[in-house]
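Trainee: Per UniProt numbering, the sequence shown starts with residue 1, numbered consecutively. Okay, here's the structure, questions in a sec.
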Amino acid sequence: MNIQEYIESGKLELYLLGELTEREREEVIAMAKAYPEIQEELDALEQSMFAFDELTGKTPSAQVKEKIFTSLEEEFKKEETPKAAPVPNPAPVETNVVKLTPWKPFAVAASLVAILASAAAIYFAGKFYETDQKFTALLQDQQVMADNLNQVKLEYEKTDSRLDRLVAGDFRRVEMKGETLPMQKDAKVDVFWDQKAKEVFVAVNNLNSLSAEFDYQLWAIGKDGPVGIGLVNPGEKFTLQQMNAVAEAGAFAITIEPKGGSKAPTLDKLVVLGEVA
């Protein structure tokens, strides 16, 4: 038995409105005794209906009601009894007795039903608004997930394309470590270089994060000295980051530079170095 579905079925509101059959009423009573959640919902609905009733104004006392109904009945009798014209010798006339309809109980019942219906409408309007908000949030979450999935798909396709080029090309692997250097001794980065195609990729295995004002910069060291060929993202581990083209290099190195890189390497902030075999 799904308690939440039973609560949201509308039977509890119909029970309070007196619109259920005897068998259905017994079912609701039995369910309320068996499941405290249903009894709590019944109590909450009843309080909501009473609260709505109080908003409509003070309920007149029984004496005031009786006076109002008696006055209405007297007015009704006056309107139903025709006024006879005066005659010298009035003959006996048979009096038509108008049987009054017992409308008072029906009027009270109709008022109660209207109040309960209004309270039920307010309750269900709140439920609908809450459900609509949840549905809107769910759609937004799905859109975010779809955007993330598309981003991951693009990154995968980009990496897959680079792997295909890495396998198909004539790449040399240049292993760079920081074991003998003062900066980040546990750093480890691999450079893949295809001299013929002039393509360079970097794979970060271990490289500590930097503060926002610094970047890692890759250098290709050739006959004319070090040349900056791109910035390395330490967060993209075990992926291939493509650098600028290089035609000649005897070694590769990474240094810590100000944000955006430098024209010349800061040698006292050398992180890793690797010679081309």
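Where is the CB? At the ideal position from N, CA and C, for every residue including glycine.
(1) Where in the region 160-225 do unbroken runs of the alpha helix (DSSP H), each at least 4 residues long, occur, reported from the N-terminal end onward?
(2) Which residues bound the beta strand (DSSP E) around Leu270?
(3) Just list the residues that DSSP pairs Thr255 with in beta bridges.
(4) Is Val28 helix, strand or coil by DSSP?
(5) Tell me whether residue 278 is buried or exposed, calling it buried when 16 or more other Cβ atoms sit within 10 Å of its Cβ.
(6) Return the bridge partner residues of Lys11 from the DSSP annotation.
(7) For the candidate residues Pro226, Val232, Glu19 and Gly228, whose alpha-carbon lies nearest to that of Ala114?
(8) Should Phe214 and Val202 be called a contact, given that it needs their Cβ atoms to be closer than 9 Å?
(9) Note down, in chain order, each residue of its chain lying with its Cβ closer than 8 Å to the Cβ of Pro234, except the 5 sequence neighbours on either side.
(10) Consult DSSP for Lys33 and reduce its assignment to one of helix, strand or coil.
(11) Tell me the DSSP secondary structure of Val232 in three-state form.
(12) Pull up the DSSP beta-bridge partners for Val227, would you.
(13) Rounded to whole angstroms, what's the CA-CA distance from Met183 to Lys177? Just pull it up for me.
(14) In its own chain, which residues sit with a C-beta less than 6 Å from the C-beta of Lys188, not counting the 5 before and 5 after it?
(15) Compare the Cα-Cα distances from Leu270 to each of Leu116, Glu27, Leu218 and Glu41 and report the closest residue.
(16) Could you tell me the distance, in whole angstroms, from the CA atom of Glu22 to the CA atom of Met145?
(17) Using CA coordinates, which residue listed in Leu17, Glu26 and Glu40 is at the minimum distance from Ile7?
(18) Pull up the distance between the alpha-carbon of Pro36 and that of Gln142, whole angstroms please.
(19) Leaving out five residues on either side along the sequence, give the residues of the same chain with a beta carbon under 6 Å from the beta carbon of Ile38.
(20) Given the structure, does Leu210 come close to the ligand GTP, in the sense that its CB is under 8 Å from one of the ligand's heavy atoms?
(21) Please classify Pro258: is it buried, with 16 or more other beta-carbons within 10 angstroms of its beta-carbon, or exposed?
(22) Tell me whether Thr136 is buried or exposed, calling it buried when 16 or more other Cβ atoms sit within 10 Å of its Cβ.
(23) Compare the Cα-Cα distances from Gln4 to each of Ala121, Lys127, Asn148 and Ala212 and report the closest residue.
(24) Measuring straight from C-alpha to C-alpha, what distance separates Leu181 and Leu267?
Mentor: Quick look at the numbers:
(1) Within the region 160-225, no complete alpha helix (DSSP H) run reaches 4 residues.
(2) As a working mapping, residue 270 is identified with position 270 in the sequence shown. In the DSSP assignment, Leu270 falls within the unbroken beta strand (DSSP E) covering Leu270 to Glu275.
(3) Along the sequence shown, one-based indexing puts residue 255 at 255. Per DSSP, the beta bridge partners of Thr255 are Gln217 and Leu270.
(4) Reading the sequence shown from its first residue, position 28 is the one you call residue 28. Three-state DSSP puts Val28 in a helix.
(5) Missing from the structure shown is residue 278; the chain here goes from 1 to 277 and no further.
(6) For the purposes of this step, residue 11 is identified with residue 11 of the sequence shown, where counting begins at 1. Lys11 is not bridged to any residue.
(7) On the sequence shown, residue 114 is found 114 positions in, with the first residue counted as 1. Ala114 has its Cα closest to that of Glu19, out of Pro226, Val232, Glu19 and Gly228.
(8) If you number the sequence shown from 1, residue 214 lands on position 214. If you number the sequence shown from 1, residue 202 lands on position 202. Taking 9 Å as the Cβ cut-off, Phe214 and Val202 do not qualify as a contacting pair.
(9) Along the sequence shown, read from residue 1 onward, the residue named residue 234 stands at position 234. Listed in chain order, the non-local C-beta contacts of Pro234 below 8 Å within the same chain comprise Val204, Leu207, Asn208, Ser209, Leu210 and Tyr216, local neighbours out to five positions each way being set aside.
(10) The residue given as residue 33 occupies position 33 in the sequence shown. Three-state DSSP puts Lys33 in a helix.
(11) Numbered from its first residue, the sequence shown carries residue 232 at position 232. Here Val232 sits in strand by DSSP.
(12) Locating residue 227 in the sequence shown gives position 227, where the first residue counts as 1. Note: Val227 sits in a beta bridge opposite Ala220.
(13) Walking along the sequence shown from the start, residue 183 turns up at place 183. Walking along the sequence shown from the start, residue 177 turns up at place 177. Distance between the alpha carbons of Met183 and Lys177 is about 10 Å.
(14) Walking along the sequence shown from the start, residue 188 turns up at place 188. Correct list, in chain order: Lys177, Asn205 and Asn206.
(15) In the sequence shown, the residue the question calls residue 270 occupies position 270. Answer by Cα proximity: Leu218.
(16) Along the sequence shown, one-based indexing puts residue 22 at 22. Along the sequence shown, one-based indexing puts residue 145 at 145. Between Glu22 and Met145, the C-alpha separation is close to 50 Å.
(17) If you number the sequence shown from 1, residue 7 lands on position 7. Nearest neighbour of Ile7 by Cα position, chosen from Leu17, Glu26 and Glu40, turns out to be Glu40.
(18) Position 36 of the sequence shown, counted from the start, is the residue given in the question as residue 36. Position 142 of the sequence shown, counted from the start, is the residue given in the question as residue 142. Each residue's Cα considered, the two are about 35 Å apart.
(19) Numbered from 1 along the sequence shown, position 38 holds the residue referred to as residue 38. If we look at Ile38 and ignore the five residues flanking it on each side, its Cβ neighbours are Met31 and Ala32.
(20) What this structure holds is no ligand at all, so the ligand GTP is not there to describe.
(21) The sequence position of residue 258 within the sequence shown is 258, counting from 1. Pro258 sits exposed, since fewer than 16 C-beta atoms from the chains shown fall within 10 Å of its C-beta.
(22) The residue labelled residue 136 in the question sits at position 136 within the sequence shown. The residue in question, Thr136, is exposed, as its Cβ has fewer than 16 Cβ neighbours within 10 Å.
(23) Position 4 of the sequence shown, counted from the start, is the residue given in the question as residue 4. Per the Cα distances, Lys127.
(24) Against the sequence shown, residue 181 aligns to sequence position 181. Against the sequence shown, residue 267 aligns to sequence position 267. Each residue's alpha carbon lies about 11 Å from the other.
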